[in-house]
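Data first, discussion second: the structure below is written as structure tokens.
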């Protein structure tokens with residue numbers, strides 16, 4: 065089992081309005097993930113707002129997580145930045161703090177060429193000895209990795225995994241076959257886009273990089289295990305409890321929804337980083353309803369256990 | 065005549081590899097713009113690499129420019145940032161340093177909603193008393209302003225102008241009519257995308273926000289004046305000397321090309337900020353050829369003056 069396997073749960077990084085990390089609340093969120101025994105924790109991913117935080121706050125969040133986790137769950141840290149040298153600094157900071165792996169997105173302002181992204185990844189992967197996952201997220205970076213570029217990057221030392229967007233038309237098997245055929249055997253392929261990831265695991269993906277898992281780890285681990293076991297019926301049954309949340313993720317973007325959910329659950333009073341706005345009161349009510357639906361899954365599990 | 069009128073010339077911000085601004089070289093680049101009497105200078109635009117520079121270096125570049133220009137040419141400063149509070153800090157820094165106007169792009173990581181962009185612009189426009197131009201640049205920000213949003217923003221105090229991308233099919237007249245019909249009479253409409261901007265001025269746009277004008281201000285002022293005078297034949301004649309450069313701008317993105325051009329002209333030895341790579345030696349040779357073609361325009365002008 066590599067580091068990039070099973071459910072990688074991505075929590076929000078609660079901060080004040082100036083972007084200073086609330087380390088106590090972060091530890092409470094991490095504690096839920098430890099108790100649910102997620103396979104890894106993805107700190108400072110897109111959900112964790114890495115792009116909006118300073119280097120010093122990112123280091124503080126990482127150090128807090130390493131100390132709190134104390135090796136109980138592997139920790140992957142997002143180190144993307146607009147500048148290559150900044151991403152290298154962030155990667156070294158993460159290793160010094162004690163992270164187990166890195167996640168790197170080709171953050172861009174000026175649109176990047178394939179060669180620029182390749183050289184950027186070589187430079188950052190070479191800055192530490194940690195395994196690195198390629199964060200292929202066109203929705204935020206506006207860069208789409210070609211298969212040829214992923215093949216080239218998968219040969220680079222320390223580059224061990226890729227976090228893919230969902231393939232069109234749920235064509236996971238074709239997408240996975242293409243990636244497997246062009247990358248080393250031990251290269252881990254995973255997906256993000258929570259509503260499609262159980263299908264990805266069922267098709268044989270290694271990793272579910274999950275927003276929902278960062279806040280609802282118990283339920284998401286149930287879905288992960290059913291999908292990894294190849295139990296289609298049970299995965300579909302569990303997935304049905306997530307449906308209202310998936311609809312909201314698609315409508316508002318998952319970041320806005322999980323902030324609202326964390327507020328509703330009284331786990332955090334943090335808001336997203338402006339200019340990102342909190343959901344309206346009416347939309348927060350819809351999130352509350354979706355949480356209630358998801359919590360019914362716990363009842364069915366409890367009932368099953370009792371009988 | 066408003067601040068946002070005629071040729072707004074956007075120079076590169078030369079830095080070392082750590083992103084520290086080379087103020088001497090910056091002043092030399094600004095001196096060319098002063099001598100050519102451009103209508104305004106756009107410091108820290110996309111070409112000026114604002115997104116890649118720290119707040120302190122952006123302040124240093126602005127202070128340097130204000131002191132060097134000493135009021136000879138109006139100075140517009142780009143203040144875009146991922147966080148609203150950071151953009152507010154940058155706007156206040158620019159006003160304190162002595163800038164004449166601001167340029168604000170809706171820089172994003174998490175894709176933004178219309179309301180988020182609206183609130184962001186209200187917050188930043190309200191942070192100073194300087195006139196502000198809306199930087200509508202979907203190619204870098206991945207946010208496209210609707211006409212309804214521009215209409216709403218044009219009512220906000222201090223928001224005085226928009227920098228538009230080129231309309232499809234060169235439909236400047238329809239685009240301008242739509243914008244004029246939905247914004248106040250004194251709201252300035254300009255374009256960026258150098259190869260189409262003379263046509264924009266001919267169609268009645270107020271402003272050409274120009275990359276090429278930041279490095280070749282004499283030739284670009286000639287084209288600006290011909291277009292503003294409505295002299296189609298002369299504008300087309302001058303434009304023909306720019307054609308090889310336009311082709312390279314479209315192929316490589318204008319930032320990479322103007323860095324190479326500044327190197328070739330021995331005006332700067334700076335490179336773009338990594339991960340953006342300098343052009344290859346072969347492509348730099350093509351830039352050198354394009355510069356030679358543009359310089360032939362000077363000869364025709366000199367000849368015309370002699371006769």
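Protein chains in written order, with the numbering used here: chain A, 65 to 371; chain B, 65 to 371. Ideal placement from N, C-alpha and C gives every residue a C-beta, glycine not left out.
Note down, in chain order, each residue of its chain lying with its Cβ closer than 7 Å to the Cβ of residue i, except the 5 sequence neighbours on either side.
| i | result |
| --- | --- |
| residue 171 of chain A | 115, 144, 145, 146, 205 |
| residue 154 of chain A | 119, 122, 143, 145 |
| residue 266 of chain A | 291, 294, 296, 299 |
| residue 69 of chain A | 103, 252, 270, 271 |
Spatial neighbours of residue i within its chain, please: CB distance less than 6 Å, with the 5 preceding and 5 following residues excluded, ordered by chain position.
| i | result |
| --- | --- |
| residue 282 of chain B | 100 |
| residue 239 of chain A | 231 |
| residue 148 of chain B | 184, 187 |
| residue 113 of chain A | 77, 337 |
List, in chain order, every chain B residue whose beta-carbon is nearer than 9 Å to that of residue i.
| i | result |
| --- | --- |
| residue 156 of chain A | Within 9 Å Cβ-Cβ: nothing; residue 156 of chain A doesn't reach chain B, min ~15 Å. |
| residue 338 of chain A | 147, 148, 149, 180, 183, 184, 187 |
With distance defined between alpha-carbon atoms, name the residue in the options nearest to residue i.
| i | options | result |
| --- | --- | --- |
| residue 228 of chain B | B:216, B:197, B:248, B:250 | B:197 |
| residue 235 of chain A | A:261, A:300, A:73 | A:261 |
| residue 67 of chain A | A:203, A:91, A:136, A:290 | A:136 |
| residue 141 of chain A | A:98, A:72, A:182 | A:72 |
| residue 251 of chain B | B:113, B:279, B:222 | B:222 |
| residue 254 of chain A | A:226, A:275, A:239 | A:226 |
| residue 180 of chain A | B:338, B:292, B:168 | B:338 |
| residue 106 of chain A | A:203, A:160, A:133 | A:133 |
| residue 306 of chain A | A:266, A:356, A:293, A:335 | A:356 |
| residue 237 of chain B | B:332, B:363, B:269 | B:269 |
| residue 167 of chain A | A:108, A:138, A:75 | A:108 |
| residue 285 of chain A | A:89, A:103, A:85 | A:103 |
| residue 128 of chain B | B:188, B:78, B:151, B:176 | B:78 |
| residue 130 of chain B | B:156, B:164, B:302, B:148 | B:164 |
| residue 159 of chain B | B:257, B:149, B:139 | B:139 |
| residue 256 of chain B | B:224, B:311, B:220, B:199 | B:199 |
| residue 151 of chain A | A:175, A:178, A:309, A:189 | A:189 |
| residue 85 of chain A | A:272, A:336, A:341 | A:336 |
| residue 329 of chain B | B:80, B:192, B:162, B:93 | B:93 |
| residue 162 of chain B | B:117, B:70, B:126 | B:126 |
| residue 361 of chain A | A:334, A:173, A:301, A:333 | A:301 |
| residue 308 of chain A | A:272, A:288, A:351 | A:351 |
Determine the burial state of residue i: buried for a count of at least 16 other Cβ atoms within 10 Å of its Cβ, exposed for fewer.
| i | result |
| --- | --- |
| residue 124 of chain B | buried |
| residue 208 of chain B | exposed |
| residue 353 of chain B | exposed |
| residue 326 of chain B | buried |
| residue 320 of chain B | buried |
| residue 249 of chain A | exposed |
| residue 233 of chain B | exposed |
| residue 296 of chain B | exposed |
| residue 370 of chain A | For residue 370 of chain A, the pLDDT reaches just 45, beneath the cut-off of 50, and the residue's location in the model is therefore unreliable, leaving the point undetermined. |
| residue 82 of chain B | exposed |
| residue 364 of chain B | exposed |
| residue 359 of chain B | exposed |
| residue 157 of chain A | buried |
| residue 88 of chain A | exposed |
| residue 304 of chain A | exposed |
| residue 258 of chain B | buried |
| residue 193 of chain A | exposed |
Among residues of its own chain, excluding the 5 on either side of residue i, which ones have a beta-carbon nearer than 8 Å to its beta-carbon?
| i | result |
| --- | --- |
| residue 211 of chain B | 242, 243, 246 |
| residue 298 of chain B | 290 |
| residue 182 of chain B | 213, 216, 217 |
| residue 322 of chain A | 76, 111, 275, 276, 278, 279 |
| residue 202 of chain A | 208, 229 |
| residue 310 of chain B | 258, 259 |
Using the beta-carbon of each residue, which ones in chain A are nearer than 8 Å to residue i?
| i | result |
| --- | --- |
| residue 83 of chain B | 147, 149 |
| residue 401 of chain B | Nothing about residue 401 of chain B can be reported from this structure: the residues present for chain B run from 65 to 371 only. |
| residue 58 of chain B | Residue 58 of chain B falls outside the range modelled here, since chain B spans only 65 to 371, and no answer is possible. |
Residue i touches chain A at which residues, Cβ-Cβ below 7 Å?
| i | result |
| --- | --- |
| residue 332 of chain B | Per Cβ cutoff of 7 Å: no residues; residue 332 of chain B is ~18 Å from chain A at best. |
List the residues of chain B that residue i touches, going by C-beta distances under 8 Å, in chain order.
| i | result |
| --- | --- |
| residue 317 of chain A | 174, 175 |
| residue 206 of chain A | 206 |
| residue 110 of chain A | 173, 174 |
| residue 255 of chain A | Result: empty, since nearest Cβ-Cβ is about 19 Å, beyond 8 Å. |
| residue 203 of chain A | 175 |
* Asked: Does the stretch 315-335 of chain A come close enough to the stretch 343-352 of chain A to have 3 or more Cβ pairs within less than 8 Å?
  -> Contact between the stretch 315-335 of chain A and the stretch 343-352 of chain A is present, because at least three Cβ pairs lie under 8 Å.
* Asked: At a cut of 8 Å, does the stretch 84-98 of chain B reach the stretch 271-287 of chain B through at least three beta carbon pairs?
  -> Under the three-pair Cβ rule at 8 Å, the stretch 84-98 of chain B counts as touching the stretch 271-287 of chain B.
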